[in-house]
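Everything below concerns the one structure shown next.
Number of protein chains: 2
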Amino acid sequence: MFQTDSENDSAEPHYLRLRNQIANEIEAGILSSGARLPSERKYHELIGSARGTVREALSQLEAEGLIYRKDRSGWYVSPKPVTYDPTRWSGFMTYVAEQGRLPATETLQVKTEKQPPAILDIFGKGVRNPLYRVERRRSIDERPVLVEDITINPALAPGLARHNLNGSLSGVLRDVYGLVVTRNHVEMRACALVRHTAECLGVKSGTPGLLVIRTSYDARGRVIEYDQEYWCANAIRIEVDLTVA
Amino acid sequence: MFQTDSENDSAEPHYLRLRNQIANEIEAGILSSGARLPSERKYHELIGSARGTVREALSQLEAEGLIYRKDRSGWYVSPKPVTYDPTRWSGFMTYVAEQGRLPATETLQVKTEKQPPAILDIFGKGVRNPLYRVERRRSIDERPVLVEDITINPALAPGLARHNLNGSLSGVLRDVYGLVVTRNHVEMRACALVRHTAECLGVKSGTPGLLVIRTSYDARGRVIEYDQEYWCANAIRIEVDLTVA
DNA sequence: GAGTGGTCTAGACCACCTT
DNA sequence: AGGTGGTCTAGACCACTCA
Chain A
1 MFQTDSENDS
11 AEPHYLRLRN
21 QIANEIEAGI
31 LSSGARLPSE
41 RKYHELIGSA
51 RGTVREALSQ
61 LEAEGLIYRK
71 DRSGWYVSPK
81 PVTYDPTRWS
91 GFMTYVAEQG
101 RLPATETLQV
111 KTEKQPPAIL
121 DIFGKGVRNP
131 LYRVERRRSI
141 DERPVLVEDI
151 TINPALAPGL
161 ARHNLNGSLS
171 GVLRDVYGLV
181 VTRNHVEMRA
191 CALVRHTAEC
201 LGVKSGTPGL
211 LVIRTSYDAR
221 GRVIEYDQEY
231 WCANAIRIEV
241 DLTVA
Chain B
1 MFQTDSENDS
11 AEPHYLRLRN
21 QIANEIEAGI
31 LSSGARLPSE
41 RKYHELIGSA
51 RGTVREALSQ
61 LEAEGLIYRK
71 DRSGWYVSPK
81 PVTYDPTRWS
91 GFMTYVAEQG
101 RLPATETLQV
111 KTEKQPPAIL
121 DIFGKGVRNP
131 LYRVERRRSI
141 DERPVLVEDI
151 TINPALAPGL
161 ARHNLNGSLS
171 GVLRDVYGLV
181 VTRNHVEMRA
191 CALVRHTAEC
201 LGVKSGTPGL
211 LVIRTSYDAR
221 GRVIEYDQEY
231 WCANAIRIEV
241 DLTVA
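Here the protein sequences line up with chains A and B, keeping their order.
Everything in the first sequence is counted per our numbering, starting at 1 for the first residue and increasing by one.
Everything in the second sequence is counted per our numbering, starting at 1 for the first residue and increasing by one.
Next comes the structure, spelled out in structure tokens:
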């Protein structure tokens, strides 16, 4: 009946079988972008596998970025990711809109806080310790896709909190404080969204994420912004174009 | 001190409790880089939770990149990731060695194969269909961390298979065929390692991965290499430094 | 209030790695 | 051969969302 290796097709575990079925339905458009999947219990009834096995299949698809979950609401087909090019200097609001999507930003917190040595090191020897810390959540087409944590030296931008931070922060720094970025250091790595970050985005702890850390410097080598962006992994794609000098 | 509901500490699920314990032990060096973790059944005995719960904790840590598994062998603490800078033109063998690690390359397959239209489009109108396809596995300190699938136009590099491909492929293309890369297009996105790729790397299907796609062009705009690299997510970190022109 | 996912238990058998 | 992770079952209760 099952798993006689020989010429059968059941060498594949049940959860991969279901994964493939759902993946095919997504590709074929039977399940379209943004659509909600049948519930775990429905799949359980349909295919007869235990719910745990069904969840295994769904987790796979999530890890691959094909679907995502809204906490305790259900599983949904992932929309097309937006493309982010760190070599272009346009901000989130701009490049998301350029791709025909609806960007939004909410400022969650602005605080003045003592930073650990690791952070101070980035800003260099001269910094006075309490620094600004801005936390923002950004969405694409109403879906939260990233939380960012921006550290800023108050000496360079006194009274920053009085301005509207729901648009382009670099815009404010440039137009109000005359801070012009001439160098960006960008670091990226796969991560998991956990705890606070997961909560902010309304996803389960452990959801696949991408951490993008950007450090912006001005012409005098001062750090203007230290920005840690936690992205839902399936919402973003990085693209860079490089030519020899 | 921080948002515990009421004042207890059991708001946290068991699996996160175990996750934190292990994470702390890694940070404290009790479990050192490369070390093997106690078995799932050992943890089950130790903390009394069901094995499924233990696995949930381990999966979290895996998603975060702190640990990885060798199929049916055990769980291990992830070594420090290597840094990859797509703007530098040095190859894998070079930059891994520069970071004091031991790089290795194995050529798994070289074949001449008909490509689907999507691939042909990348190479442009003029290509004659069967293209070279080179599959390689690369390791750091004896651990396989990436499989790559390179597509090359045989018109530009006839008889490529006769050369040693276990070193720098771009080196061969440059030195033997005079093909000089002047432009690189790099794309990155989170993915899961599945099926064939997972098998090559000896990891479970669904392991977190990073897909790096590089397209190299020469001065005349011809595609020299189309390279898809599937990385173990925890083995790599991308770093780019950008200055305004 | 009905339904969803989130967490958890306590087993079982298998394929494979390790020794 | 013994131990490991991989897969799977058949339940259970909870926290939360949604209508």
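Glycine is no exception: its CB is placed at the ideal position from the N, C-alpha and C atoms.
Nearest-angstrom Cα separation, counted from residue j out to residue i
{"i": "L108 (chain B)", "j": "T197 (chain B)", "result": "12 Å"}
{"i": "H14 (chain B)", "j": "T112 (chain B)", "result": "52 Å"}
{"i": "Y132 (chain A)", "j": "I213 (chain A)", "result": "17 Å"}
{"i": "L146 (chain A)", "j": "W75 (chain A)", "result": "19 Å"}
{"i": "E45 (chain B)", "j": "A11 (chain B)", "result": "22 Å"}
{"i": "E239 (chain B)", "j": "V186 (chain A)", "result": "6 Å"}
{"i": "L242 (chain A)", "j": "A50 (chain A)", "result": "49 Å"}
{"i": "W231 (chain B)", "j": "R41 (chain B)", "result": "29 Å"}
{"i": "G126 (chain A)", "j": "V223 (chain A)", "result": "11 Å"}
{"i": "P116 (chain B)", "j": "R128 (chain B)", "result": "12 Å"}
{"i": "S73 (chain A)", "j": "G221 (chain A)", "result": "47 Å"}
{"i": "K204 (chain B)", "j": "P38 (chain B)", "result": "19 Å"}
{"i": "G159 (chain B)", "j": "I26 (chain A)", "result": "41 Å"}
{"i": "N24 (chain A)", "j": "H163 (chain A)", "result": "48 Å"}
{"i": "E106 (chain B)", "j": "R69 (chain A)", "result": "39 Å"}
{"i": "S32 (chain B)", "j": "G34 (chain A)", "result": "42 Å"}
{"i": "V244 (chain B)", "j": "W89 (chain B)", "result": "19 Å"}
{"i": "L211 (chain B)", "j": "L211 (chain A)", "result": "15 Å"}
{"i": "A97 (chain B)", "j": "D141 (chain B)", "result": "10 Å"}
{"i": "Y177 (chain B)", "j": "A118 (chain B)", "result": "26 Å"}
{"i": "A57 (chain B)", "j": "I30 (chain B)", "result": "18 Å"}
{"i": "K114 (chain B)", "j": "R195 (chain B)", "result": "22 Å"}
{"i": "A28 (chain B)", "j": "R19 (chain B)", "result": "14 Å"}
Interface flag, residue i vs chain A, CB-CB below 9 Å
{"i": "F123 (chain B)", "result": "no"}
{"i": "S205 (chain B)", "result": "yes"}
{"i": "E40 (chain B)", "result": "no"}
{"i": "C200 (chain B)", "result": "no"}
{"i": "N24 (chain B)", "result": "no"}
{"i": "R189 (chain B)", "result": "yes"}
{"i": "T87 (chain B)", "result": "yes"}
{"i": "S59 (chain B)", "result": "yes"}
{"i": "A233 (chain B)", "result": "yes"}
{"i": "G100 (chain B)", "result": "no"}
{"i": "G65 (chain B)", "result": "yes"}
{"i": "L16 (chain B)", "result": "yes"}
{"i": "V96 (chain B)", "result": "no"}
{"i": "G74 (chain B)", "result": "no"}
Interface flag, residue i vs chain B, CB-CB below 9 Å
{"i": "L160 (chain A)", "result": "no"}
{"i": "M1 (chain A)", "result": "With a pLDDT of 30 at M1 (chain A), under the threshold of 50, the predicted position of this residue should be treated as unreliable, and no value is reported."}
{"i": "A118 (chain A)", "result": "no"}
{"i": "N184 (chain A)", "result": "yes"}
{"i": "A155 (chain A)", "result": "no"}
{"i": "D149 (chain A)", "result": "no"}
{"i": "I238 (chain A)", "result": "yes"}
{"i": "G52 (chain A)", "result": "yes"}
{"i": "A11 (chain A)", "result": "no"}
{"i": "P130 (chain A)", "result": "no"}
Nearest residue (CA-CA) to residue i, options the options
{"i": "G170 (chain B)", "options": "B:A57, B:T83, B:D227, B:V127", "result": "The sequence as given places Ser at residue 170 (chain B); Gly does not occur at that position. Minimum Cα distance to S170 (chain B) is reached at B:D227."}
{"i": "L156 (chain B)", "options": "B:T207, B:L61, B:R174", "result": "B:R174"}
{"i": "H138 (chain B)", "options": "B:V127, B:N184, B:L201, B:G178", "result": "In the sequence under discussion, the amino acid at residue 138 (chain B) is Arg, which differs from the His named in the question. Per the Cα distances, B:L201."}
{"i": "R17 (chain B)", "options": "B:Y230, B:V223, B:V54", "result": "B:V54"}
{"i": "A219 (chain B)", "options": "B:H185, B:G91, B:L179", "result": "B:L179"}
{"i": "A233 (chain B)", "options": "A:R237, A:P208, A:E225", "result": "A:P208"}
{"i": "R237 (chain A)", "options": "A:L165, A:E106, A:P79", "result": "A:P79"}
{"i": "R143 (chain B)", "options": "B:T87, B:A235, B:S32, B:M93", "result": "B:A235"}
{"i": "V77 (chain A)", "options": "A:P158, A:R36, A:R162, A:H163", "result": "A:R36"}
{"i": "D71 (chain B)", "options": "B:E225, B:V244, B:T215, B:E199", "result": "B:E199"}
{"i": "R136 (chain A)", "options": "A:P130, A:K114, A:L165, A:I22", "result": "A:L165"}
{"i": "E229 (chain A)", "options": "A:D141, A:V134, A:A161, A:R183", "result": "A:V134"}
{"i": "Q60 (chain B)", "options": "B:E225, B:S216, B:A118, B:Q21", "result": "B:Q21"}
{"i": "E225 (chain B)", "options": "B:N184, B:V194, B:F92, B:G206", "result": "B:N184"}
{"i": "Y95 (chain B)", "options": "B:K114, B:G167, B:R195", "result": "B:G167"}
Beta bridge counterpart(s) of residue i as assigned by DSSP
{"i": "P144 (chain A)", "result": "A:S139"}
{"i": "N184 (chain A)", "result": "A:S216, B:L242"}
{"i": "C232 (chain A)", "result": "A:G209"}
{"i": "A190 (chain B)", "result": "B:L210"}
{"i": "I246 (chain A)", "result": "Lying before the first or after the last residue shown, residue 246 (chain A) is absent from chain A, which here runs from 1 to 245."}
{"i": "V110 (chain A)", "result": "A:V134"}
{"i": "D227 (chain A)", "result": "A:I150, A:R214"}
{"i": "V82 (chain A)", "result": "A:I236"}
Cβ contact (3+ pairs, closer than 8 Å) linking the region 151-162 of chain B and the region 110-124 of chain B: Yes, the region 151-162 of chain B is in contact with the region 110-124 of chain B.
Inter-stretch contact (C-beta, 8 Å, three-pair minimum) for the region 182-192 of chain B and the region 75-85 of chain B: no
Inter-stretch contact (C-beta, 8 Å, three-pair minimum) for the region 59-73 of chain B and the region 90-110 of chain B: no
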